[in-house]
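Just below is one structure, and these are the notes that go with it.
Protein chains in written order, with this note's numbering: chain C, 48 to 162; chain X, 17 to 131.
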């Protein structure tokens, strides 16, 4: 039973460029959430996708956008990259409506470095 | 504003000793509280999940407590091992729409276990 898979694992981009990160949820999960974790900080919620729509959003600018596909996988897109976007980007999957006992499963993350 | 605060920020203990990490939260509407262990550069791994009605939950050498009245939780680690060295993150879920929760992360406690 595969867990959450994220790709790529590491990425280096130049300021102003655009980047796409990918996430495949755990088998049986239908909801994908994205988080940004700066070095030494806790993850910050970016947004959550369910039924191919953005359902909740954190305090991130419109440069951050996403998509969920019919197979529940998801992409995170960041436009006009800034140095401050350098972080570990985590994807977590869950099953909507299952209650607290079904936890979120996190991927290992994508380390994005903007130079 | 939904917030999760953890203390201490960092902790150093000797192998075999016990320790307790603290978490205070102001999250509404509260859904559940989770403790995660995160190794550097990796995704968080769930240790415990507690709902409003649960006040203690164990997972091996890890025991979490929850006081929903005072909005406090603790994670007790017994007989620490070198492999316990990691960041421990308290995460509180706020009920969202579409039967989905939004996770609010603490900044974590960095635990180092020395021989």
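All C-beta atoms, glycine included, are put in the ideal place defined by N, C-alpha and C.
Taking 7 Å as the threshold (C-beta atoms), are residue 19/X and residue 42/X in contact?
yes
Any Cβ of chain X within less than 7 Å of the Cβ of residue 90/C?
Yes, its Cβ sits closer than 7 Å to a Cβ of chain X.
I want to verify the contact list: residues of chain X whose CB lies under 9 Å from the CB of residue 54/C, in sequence order.
Neighbours of residue 54/C on chain X: none; closest Cβ ~13 Å, over 9 Å.
May I ask you to verify whether the stretch 79-91 of chain C touches the stretch 115-122 of chain C, counting CB pairs closer than 8 Å and requiring at least 3?
yes
Beta strand (DSSP E) runs wholly inside the stretch 43-70 of chain X, at least 3 long, in chain order
46-54, 61-67
Identify every residue that forms a DSSP beta bridge with residue 104/X.
53/X, 125/X
Buried versus exposed call for residue 51/C [16 or more other C-beta atoms within 10 Å across all chains shown]
When all chains shown are included, residue 51/C counts as buried.
Does the beta carbon of residue 147/C sit closer than 7 Å to a beta carbon anywhere in chain X?
Caution applies to residue 147/C, whose pLDDT of 47 falls short of 50 and renders its modelled position unreliable; the model cannot decide the point.
Sequence-distant residues of its chain with Cβ nearer than 6 Å to residue 148/C (five each side left out):
Unreliable positioning characterises residue 148/C in this predicted model, as indicated by a pLDDT of 46, which lies under 50. A coordinate reading is not provided.
Using the rule of at least 16 other Cβ atoms within 10 Å of the residue's Cβ for burial, across every protein chain shown, is residue 162/C buried or exposed?
exposed
Touching by the beta-carbon criterion (3+ pairs, under 8 Å), the stretch 65-78 of chain C and the stretch 22-30 of chain X:
no
Could you tell me whether the Cβ atoms of residue 89/C and residue 121/X are closer together than 7 Å?
yes
Buried versus exposed call for residue 55/C [16 or more other C-beta atoms within 10 Å across all chains shown]:
exposed
Can you give the Cα-Cα distance for residue 58/C and residue 135/C, rounded to whole angstroms?
10 Å
For the candidate residues 51/X, 45/X, 85/X, whose alpha-carbon lies nearest to that of residue 92/X?
51/X
Which residue marks the beginning of the beta strand (DSSP E) containing residue 30/C, and which one marks its end?
Because chain C is modelled from 48 through 162, residue 30/C falls outside the range shown and cannot be assessed.
Which same chain residues end up closer than 7 Å to residue 82/X when comparing Cβ atoms and leaving out the 5 residues on each side of it in sequence?
49, 66, 70, 71, 89
If you measure from the beta carbon of residue 111/C to each beta carbon in chain X, is any gap under 7 Å?
no
7 Å Cβ shell around residue 62/X - same chain, five flanking residues per side excluded
Closer than 7 Å at Cβ, skipping near neighbours: 50, 52.
Is DSSP giving residue 156/C helix, strand or coil here?
Three-state DSSP puts residue 156/C in coil, outside helix and strand.
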